[in-house]
Amino acid sequence: MRITVVGSGTAAPHAKRAQSGTLIEVGDVRLLIDCGSAVVLRMAELGLSWQTITHVAITHFHADHTTDIANLIYAWRYGQLPPRAAPVEFIGPPGFQALLDAMKTVFGAELLAGPPPIKVTELARGIPVPLADGVVLAALKVPHTEESVAYSVSGRGRRVVVSGDTGFDPALAVWADGCDVLLCECSLPDSMALPTHLTPRQCGAIAAIARPKQLVLTHFYPPVEAEDIMGQVAEHFGGPVVCGHDGWTLDLEEEES
Ligand SMILES: [Zn+2]
Ligand SMILES: [Zn+2]
728 MRITVVGSGT AAPHAKRAQS GTLIEVGDVR LLIDCGSAVV LRMAELGLSW QTITHVAITH
788 FHADHTTDIA NLIYAWRYGQ LPPRAAPVEF IGPPGFQALL DAMKTVFGAE LLAGPPPIKV
848 TELARGIPVP LADGVVLAAL KVPHTEESVA YSVSGRGRRV VVSGDTGFDP ALAVWADGCD
908 VLLCECSLPD SMALPTHLTP RQCGAIAAIA RPKQLVLTHF YPPVEAEDIM GQVAEHFGGP
968 VVCGHDGWTL DLEEEES
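Residue numbers (this note's numbering): 728 to 984.
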């Protein structure tokens, strides 16, 4: 399993951080979780194959997680010759189809008409989505927007959990228990704390319960970057921590399926 932070940023424009996007490759699955502004550009910049993504899963509908969806579809259709023929599956919380329908209103009905063939799957609560090749995507509702979820990707003996945008929630920590990698949003400093985002200390508190083998922080608003993020996380969590950046990659050895 390979995990790549494509975009580690937020709604705040940042020269070094594209908006939200994480690429997870396991078996034959190449899953992009979230697709905010500049994620498609950053994939090209990092030499990541945007052409062969098999699944796109959206954690919630905020613009910094969704605005490159149309660009990715147009890249597959018009950004290469011949256009992509292989099908792709888009996955999101209930309401995702309505979001895509609204995008069709803006960009034209042909947006989702292919090529490539696009299958849209809305999450049914508590029911995991099989991706392919023994790889399963599961979701957990988290406190951010009405529809927001965290994702867990399991396959080949590995499990990665991606928090999406979330407030502090011990249920997320319990759900992530024992995962190999926890990618956790780390939006704000304590002085700007909100119930809908995490501070470094809250990331540490979640990791203290979840006990991931590797904690990866992402989704930094500029004020939090002025903080001693590592020191504040370490007040609660003694395991390995890294501040993600665009292009940060980790390879996990897979077990034979
Ligand atoms: Zn966000
Ligand atoms: Zn958000």
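Just so you know, even glycine gets a beta-carbon here, dropped at the ideal spot from N, CA and C. In this text the structure is predicted, and so the values were computed from the model without any measurement.
For Asp904, the shortest C-beta to heavy atom distance toward ligand 2 is 6 Å or greater. Segment contact: the segment 757–772 against the segment 835–854, fewer than three CB-CB distances shorter than 8 Å; contact not assigned. For Val901, the number of other beta carbons within 10 angstroms of its own is below 16, and it is reported as exposed. With 16 or more other CB atoms across the displayed protein chains lying within 10 angstroms of its CB, Ser735 is buried. Taking a cut-off of 8 Å on C-beta distances, the segment 821–839 does not touch the segment 772–782, as fewer than three cross pairs fall below it. A direct Cα-to-Cα measurement between Trp975 and Asp755 gives close to 21 Å. Comparing alpha carbon positions, the residue from Ala812, Val753, Ala797 closest to Leu838 is Ala797. The segment 830–845 and the segment 853–873 do not touch, with fewer than 3 CB-CB distances between them shorter than 8 Å.
In the same chain as Cys911, and ignoring 5 residues on each side of it, the C-beta atoms closer than 8 Å to its own belong to Ser890, Leu925, Cys930, Ile933, Ala934, Leu942, Val943, Leu944, Thr945, in chain order.
DSSP places Asp795 in the coil class of the three-state scheme, outside both helix and strand. A residue is listed when its beta-carbon falls short of 6 Å from at least one non-hydrogen atom of ligand 2; in chain order these are His787, His789, His871, Asp892. Annotation for Thr737 indicates a beta carbon within 6 Å of some heavy atom of ligand 1. Contact check for Val888 and Ala877: beta-carbon distance about 6 Å, within the 8 Å limit, so the pair qualifies. When DSSP assignments are scanned along the segment 952–984, the uninterrupted stretches of beta strand (DSSP E) that are 3 or more residues long and fall wholly within it turn out to be 968–970, 976–978.
At least 7 Å separates the beta-carbon of Ile800 from that of Val856. DSSP places Glu912 in the uninterrupted beta strand (DSSP E) bounded by 908–912.
With contacts defined by Cβ atoms closer than 7 Å, Pro939 and Val908 form a contacting pair.
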